[in-house]
Amino acid sequence: MAEEKLPTRAEDFSEWYNQLVLKAQLADYAPVRGCMVVRPYGWALWENITAALDRRFKATGHQNVAFPMLIPRSFIDKEKHHVEGFSPELAVVTIGGGEELAEPLVIRPTSETIIGHMWSKWIQSYRDLPVLMNQWNSVVRWELRTKLFLRTLEFYWQEGHTAHATREEAEFETRQMLDIYTDFAVSDAAIPVIPGKKSDAEKFAGADTTFSIEAMMGDGKALQAGTSHFLGQNFAQAFEVRYLDQNGQLQHCWTTSWGLSTRFIGAIIMVHGDDQGLIMPPKLAPIQVVIVPIYKTDEEKSSVLDAARKLNAELVKAGIRVKLDEREGQSAGWKFNDWEMRGVPVRVELGPKDVAKQAAVLARRDKPGREGKVSAPLADLPVTTEKLLAEVQQALHDKALNFRKSNTHDTKNIEELKRAVENGFALASWCGSADCEAKIKEETRATMRCIPLEQEGQAGECIACGKPAPERAVFARAY
RNA sequence: CGGGGCGUAGCGCAGCCUGGUAGCGCGCCUGCCUUGGGCGCAGGAGGCCCCCGGUUCAAAUCCGGGCGCCCCGACCA
Numbered sequence: 003m004a005e006e007k008l009p010t011r012a013e014d015f016s017e018w019y020n021q022l023v024l025k026a027q028l029a030d031y032a033p034v035r036g037c038m039v040v041r042p043y044g045w046a047l048w049e050n051i052t053a054a055l056d057r058r059f060k061a062t063g064h065q066n067v068a069f070p071m072l073i074p075r076s077f078i079d080k081e082k083h084h085v086e087g088f089s090p091e092l093a094v095v096t097i098g099g100g101e102e103l104a105e106p107l108v109i110r111p112t113s114e115t116i117i118g119h120m121w122s123k124w125i126q127s128y129r130d131l132p133v134l135m136n137q138w139n140s141v142v143r144w145e146l147r148t149k150l151f152l153r154t155l156e157f158y159w160q161e162g163h164t165a166h167a168t169r170e171e172a173e174f175e176t177r178q179m180l181d182i183y184t185d186f187a188v189s190d191a192a193i194p195v196i197p198g199k200k201s202d203a204e205k206f207a208g209a210d211t212t213f214s215i216e217a218m219m220g221d222g223k224a225l226q227a228g229t230s231h232f233l234g235q236n237f238a239q240a241f242e243v244r245y246l247d248q249n250g251q252l253q254h255c256w257t258t259s260w261g262l263s264t265r266f267i268g269a270i271i272m273v274h275g276d277d278q279g280l281i282m283p284p285k286l287a288p289i290q291v292v293i294v295p296i297y298k299t300d301e302e303k304s305s306v307l308d309a310a311r312k313l314n315a316e317l318v319k320a321g322i323r324v325k326l327d328e329r330e331g332q333s334a335g336w337k338f339n340d341w342e343m344r345g346v347p348v349r350v351e352l353g354p355k356d357v358a359k360q361a362a363v364l365a366r367r368d369k370p371g372r373e374g375k376v377s378a379p380l381a382d383l384p385v386t387t388e389k390l391l392a393e394v395q396q397a398l399h400d401k402a403l404n405f406r407k408s409n410t411h412d413t414k415n416i417e418e419l420k421r422a423v424e425n426g427f428a429l430a431s432w433c434g435s436a437d438c439e440a441k442i443k444e445e446t447r448a449t450m451r452c453i454p455l456e457q458e459g460q461a462g463e464c465i466a467c468g469k470p471a472p473e474r475a476v477f478a479r480a481y
């Protein structure tokens, strides 16, 4: 690392983000434009995210599967809106084994089509339903403007796909998975999100209805952190996914799909991070506690390291993800800064003075300097640490929620909305027309993020046209 | 896809205008010293100066062409 300090978020949020991702060794640029290499620390975070989600998917009856990456080009063409939405960003394979292919293959941008194709073979009867599947994979979308984690040509995600006998059941599934994303974001990532419905302009290509969870980043911009789509019978019709019901009638299935990607790592960085670097939510942190030993003489070194290793073992036994930093040649101060930059939520400082009184200094990442430090007896440390991790988890969530609240404004006209989205969210009544939505975007550079499921306050007149509006929507500049 | 910036040691950069021995900081290696908030000293290793062509006795430097990456704007998980 050439530069030790990051730019501050106020100076240049975008540059702060870029440098942090590289310096914290979450990811690096790949040799191909717009592609990233996820490094061990970043992947460990992703693994914790996948574990937290996968647990929830399994608990609601979903099974994991693996579909191939290559899809016949013609499949994409079968659903009208789908092809319109995805054609511009497809990567297409035209040569295989040195021969021009009879039919080009696309690298999946998402798997609705190939899954629909297979379902048409597998689903015959209402007894075969529902089908509840999920796959962890990567997909490719040829984006023009890329940014590590937030938008790369290839990204990692999970895509859930389900087929149901009735509209109601499919709609329930769509909402259930949105709830799961919300619960994950709030409980595990400490990121408050607004679950809501997308406008027609913003919805998934091929969906009847798209829901999303929207989060506010540290610069006040919005990030769509997860989506759940009610696909109606669009793909079932395009791929003839049909079943015979109890009355002997042939019916099209109702399907859903839902996804959450490595983009979520970008959300964690931009929601919790501060000018010192990352702050990992304890529940997802690859390293929850780092022990930094401090010593001068050989004698001190051996007694401190003895105590540190013993402590390390006890914390491991308590189920805490702990790392003992035994690196030589870096000073304790250097290590403090290093682990702060990498966002470890709790640091244990252990030096001769501490060992003498059988204690250790605990420092919490979310409170800088002395303010966040306390001394605690070594014997209690597994318990004390666990408690502190829970406190940090809660504090991060509350801080993010307060930040969002204080940067969200009720707006009554376009001027107010324009000002509100300079550094936050705007709540505004919206009549629901695409024209008004387009007008707002044109004049303010903000997009309609979602119509929150939980409506706060009374809807009045549409902010753009003045006609009565049924609902209030969130507008913001978005990543 | 438009606008801007940048390609020189692992990283960050200077040198280029005005052609002539390739440099600085950090990192890395060795040794000593240090470790409670980004220690210090000494020695050392490390280069297709993005690529191709041109001008010239001589090109990192001037000229032409290409490629790549980043940033900013319109589309997107």
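Take our numbering: the final residue in the first sequence is number 481, and no numbers are missing along the way. Virtual Cβ for every residue (Gly too), placed ideally from N, Cα, C.
Contact set for residue i: own chain, Cβ-Cβ below 6 Å, skip 5 residues either direction
i	result
V376	L364
H399	A192
N66	N136
T211	F232
E173	F232
C-alpha distance - residue i paired with residue j, whole-angstrom precision
i	j	result
Q27	K414	44 Å
S333	L317	24 Å
Y297	V324	20 Å
S214	P197	6 Å
G331	K337	10 Å
F157	V142	7 Å
T186	D437	According to the sequence shown, residue 186 is Phe rather than Thr. Approximately 35 Å, taken between the alpha carbons.
A315	R349	16 Å
V23	L150	8 Å
A320	K7	35 Å
H411	G426	8 Å
L391	E351	16 Å
L152	Y481	8 Å
R244	Q253	5 Å
G63	L134	7 Å
E393	L307	28 Å
F15	M272	9 Å
E301	K355	13 Å
G468	K82	34 Å
I465	A440	12 Å
D221	R11	8 Å
Reduced DSSP secondary structure (H/G/I, E/B, other) of residue i
i	result
A466	coil
E456	coil
G277	In the sequence under discussion, the amino acid at residue 277 is Asp, which differs from the Gly named in the question. Three-state DSSP puts D277 in coil, outside helix and strand.
K149	strand
Q239	helix
D181	helix
K223	coil
V188	helix
Y481	coil
R451	strand
L246	strand
G162	strand
F213	strand
R169	helix
A334	helix
I117	helix
G228	strand
S16	helix
S122	helix
8 Å Cβ shell around residue i - same chain, five flanking residues per side excluded
i	result
P9	E17, W18 and Q21
R41	Q27, L28, A29 and D30
R35	T148 and L155
E91	P111, R143, W144 and E145
G345	A26, H274, G275, G279, L280, I281, M282, A287 and R367
G374	A365, R366, R367 and D368
Cut-off 7 Å between Cβ atoms - residues of its own chain near residue i, not counting five sequence neighbours on either side
i	result
S259	E114, E161, G162, H163, H231 and L233
I1	With the chain running from 3 to 481 in the structure shown, residue 1 is simply not present.
L55	Q160, F186 and L262
T184	V195, P197 and I215
F77	T115, I116 and H119
Near the ligand FMN: residue i beta-carbon under 7 Å from a heavy atom
i	result
V40	Judged by which ligands are present, the structure shown has none, so any question about the ligand FMN falls away.
Open item on the list: Would the region 469–477 count as touching the region 447–454 if we require 3 or more Cβ pairs under 8 Å?
Closed with: With the cut-off at 8 Å, the region 469–477 and the region 447–454 touch.
Task: Entirely enclosed beta strand (DSSP E) segments - the region 36–109, minimum 3 residues - done: Listed in chain order, the complete beta strand (DSSP E) runs (minimum 3 residues) inside the region 36–109 are 38–40, 72–74, 93–98 and 101–109.
Open item on the list: Runs of 4 residues minimum, wholly inside the region 339–407: which ones carry the alpha helix (DSSP H) assignment?
Closed with: The qualifying runs are 354–358.
Open item on the list: Does the structure place the region 291–309 close enough to the region 416–433 that three or more beta carbon pairs sit under 8 Å?
Closed with: No: fewer than three Cβ pairs fall under 8 Å.
TODO: Could you tell me whether the region 194–212 touches the region 116–131, using the rule of 3 or more Cβ pairs below 8 Å?
DONE: Cβ pair count under 8 Å is below three, so no.
Task: Any 3 or more C-beta pairs closer than 8 Å across the region 36–52 and the region 265–280 - done: For the pair of segments examined, the region 36–52 was found to touch the region 265–280: the number of CB pairs separated by less than 8 Å reaches three.
- [ ] Enumerate, from N- to C-terminal direction, the unbroken beta strand (DSSP E) stretches of 3 or more residues contained entirely within the region 280–314.
- [x] Secondary structure within the region 280–314: the beta strand (DSSP E) runs of 3 or more consecutive residues, fully enclosed, are 291–295 (chain order).
Task: Contiguous alpha helix (DSSP H) assignments of at least 4 residues, all confined to the region 410–436 - done: Contiguous alpha helix (DSSP H) elements confined to the region 410–436 occur at 416–422, taking only those with 4 or more residues.
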